[in-house]
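J.: Encoded as structure tokens, here's the structure I'll be asking about.
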Amino acid sequence: MSEQNARVSTARPMFLDLNGRRLFTLQIVPTGPITGALLYLPPFAEEMNRCRSHVVSQARALAARGYHTLILDPYGTGESEGEITDADWDAWRLDALEAARWLVAETSAPLTLWGIRTGALLAAELVASGDTPPLQQVLFWQPVLDGKLFLNQHLRLRIAAQMFTEGEKETGDTLRNRLNAGETLEIAGYPLTGRLAGQLGSLRMDASVEHLAQVPVCWLEVVAKAGQALALPSRKLIDTLGEAGGRVHVESVACPMIWQLHERAEAPQLETATLALLDTVAGAIQ
């Protein structure tokens, strides 16, 4: 975080009562005029913690452009009330919708939804609901496109942890069967209920194409080296959005995969690319 960005913003921690749930938010507020409102929707489990410092740094850079950012801890996560075993995707979606409405009422500014990883899936569902305040754009960082594939990758964390332990080894099929039977499993230190697993596994970004095509999409994806093409599933979905009349602004960034790293790594390219994408949309609107 630069000293200049710190001077043009203030951090405002605050609990919001949304749908009967007390949720923690951190707001990064410009010290000058507010020109945009941005609701941040985090990724799942430990990915949320690994991205947090980068998100705050990005929000401060956005404040220098007049964006008021609300960073939301979904129910049962972070500093919000509740346990993760009580949370489900439907509640997260309803709470995010109410947070969006609150933010627009608070700022009277055009709304952007910003989702990282599974947070992008949640943002897409909000767009598809048609119930959000009018949207200026959506911003995706490394969006998860297929909830079932994400869930399978998440379960592999538990399988990998058993490689060096005694006893019977589990497989993806046995873990999925236990979740389908309603069990709660611990995955990389986080409980995962059968209900939430089922909800995650049913999500697909392409289900929201028709609605995403109605709003500008800023799509940022990390690649191994500069100039490398995006992953094939991403390219296919971006093409599908374009064929549906969508306006997709894409940037690839060669930097660390911050959601995977235990130790914070510098990734200034993410901040620069994000600002460039939002500037592109702003220029197209004017």
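The opening position of the sequence shown corresponds to residue 1 in the UniProt record's numbering, with each subsequent residue numbered one higher. Note that CB positions come from ideal geometry on N, CA and C, so glycine has one too.
1. Can you tell me the Cα-Cα spacing of Gln-260 and Gln-58, whole angstroms?
2. Buried or exposed: which applies to Thr-77, given that a residue is buried once 16 or more other Cβ atoms fall within 10 Å of its Cβ?
3. Based on the DSSP output, what are the partners of Ala-123 in its beta bridges?
4. Suppose you measure from the CA of Arg-275 to the CA of Ile-238; what does that come to, to the nearest Å?
5. List in chain order: all unbroken alpha helix (DSSP H) runs of 4+ residues lying wholly within the stretch 235–285.
6. Ends of the alpha helix (DSSP H) at Ser-80?
7. Use the C-beta contact count for Thr-10: other C-beta atoms within 10 angstroms, 16 or more gives buried, fewer gives exposed.
8. To the nearest whole angstrom, what separates the beta carbons of Thr-25 and Met-14, a pair I think is in contact under 8 angstroms?
9. Considering only their Cβ atoms, is the gap separating Leu-277 from Ser-252 smaller than 9 angstroms?
10. When the Cα atoms are used, what is the spatial distance from Pro-191 to Pro-33?
11. Are the CB atoms of Phe-44 and Leu-175 within a distance shorter than 9 angstroms?
12. Per DSSP, His-68 forms a beta bridge with which residues?
13. Which same chain residues, not among the five before or five after Gln-162, have their C-beta less than 7 angstroms away from its C-beta?
14. Beta carbon of Arg-158: closer than 8 angstroms to some heavy atom of the ligand FMN?
15. For Val-127, tell me which candidate among Asn-19, Val-250, Pro-42 and Val-217 has the shortest Cα-Cα distance.
16. Whose CA, out of Ser-234, Asn-152 and Gln-137, lies closest to the CA of Gly-172?
17. Quick test of your reading: Trp-92 and Leu-122, contact by CB under 8 angstroms. State the CB separation rounded to the nearest angstrom.
18. Using the C-alpha atoms, what's the distance from Pro-256 back to Gln-142?
19. Classify Gly-115 as helix, strand or coil using the three-state DSSP reduction.
20. Flag this pair as yes or no: are the beta carbons of Gly-246 and Ser-202 separated by less than 9 angstroms?
21. Can you check whether the C-beta of Asp-131 is within less than 9 angstroms of a C-beta belonging to chain D?
22. Using alpha carbons as the reference points, say which of Thr-272, Pro-42 and Arg-117 lies closest to Ala-96.
23. Could you tell me the distance, in whole angstroms, from the CA atom of Met-1 to the CA atom of Leu-139?
24. Give the straight-line distance between the Cα atoms of Ala-105 and Leu-39, rounded to the nearest whole angstrom.
25. Could you check what DSSP says for Ser-9 in three-state terms: helix, strand or coil?
26. Please state the DSSP three-state secondary structure of Thr-25.
27. For Gly-82 versus Thr-35, is the C-beta distance shorter than 9 angstroms?
28. Measure the alpha-carbon distance for Ser-108 versus Leu-185 and round it to whole angstroms.
29. Just grab the DSSP bridge partners of Arg-204 for me.
30. Roughly how many angstroms lie between the CA atoms of Val-209 and Ala-188, to the nearest whole one?
T.: With the structure as the only source:
1. Roughly 18 angstroms between the two C-alpha positions.
2. Counting of Cβ neighbours within 10 angstroms places Thr-77 among the buried residues, the total reaching 16 or more.
3. According to DSSP, Ala-123 shares a beta bridge with no other residue.
4. The amino acid occupying residue 275 in the given sequence is Leu; Arg does not appear at that position. Going by the C-alpha atoms only, they are around 20 angstroms apart.
5. If you keep only unbroken alpha helix (DSSP H) runs of at least 4 residues inside the stretch 235–285, you get 268–285.
6. Segment: none, Ser-80 is in no alpha helix (DSSP H) and carries neither H nor E.
7. It counts as exposed.
8. About 5 angstroms separates the beta carbon of Thr-25 from that of Met-14, a gap short enough to meet the 8 angstroms contact definition.
9. No.
10. Here the alpha carbon of Pro-191 sits roughly 42 angstroms from the alpha carbon of Pro-33.
11. Contact: no.
12. Beta bridge pairing from DSSP links His-68 with Ala-37.
13. Correct list, in chain order: Lys-169 and Glu-170.
14. With respect to small molecules bound, the structure shown includes none, and the ligand FMN cannot be examined in it.
15. It is Val-217.
16. Nearest to Gly-172 by alpha-carbon distance, out of Ser-234, Asn-152 and Gln-137, is Asn-152.
17. Between Trp-92 and Leu-122 the beta-carbon gap is near 6 angstroms, inside 8 angstroms, which marks them as a contact.
18. So the two alpha carbons sit approximately 12 angstroms from each other.
19. Strand.
20. For Gly-246 and Ser-202, no; Cβs fall outside 9 angstroms.
21. Among the protein chains of the structure shown there is no chain D, as only one such chain exists.
22. The residue with the shortest Cα to Cα distance from Ala-96 is Pro-42.
23. Interpretation of Met-1 is limited by its pLDDT of 46, a score under 50 that renders its predicted location unreliable; the figure taken from the coordinates is listed afterwards. Near 20 angstroms, if we compare the C-alpha coordinates of Leu-139 and Met-1.
24. Cα to Cα, Ala-105 sits roughly 13 angstroms from Leu-39.
25. In the structure shown, Ser-9 sits in a strand (DSSP, three-state: E or B).
26. Three-state result, Thr-25: strand.
27. Contact: no.
28. Looking at the backbone, the Cα of Ser-108 and that of Leu-185 are separated by about 43 angstroms.
29. BP columns for Arg-204 point to Asp-146.
30. When rounded, the separation of the alpha-carbon atoms in Val-209 and Ala-188 is 32 angstroms.
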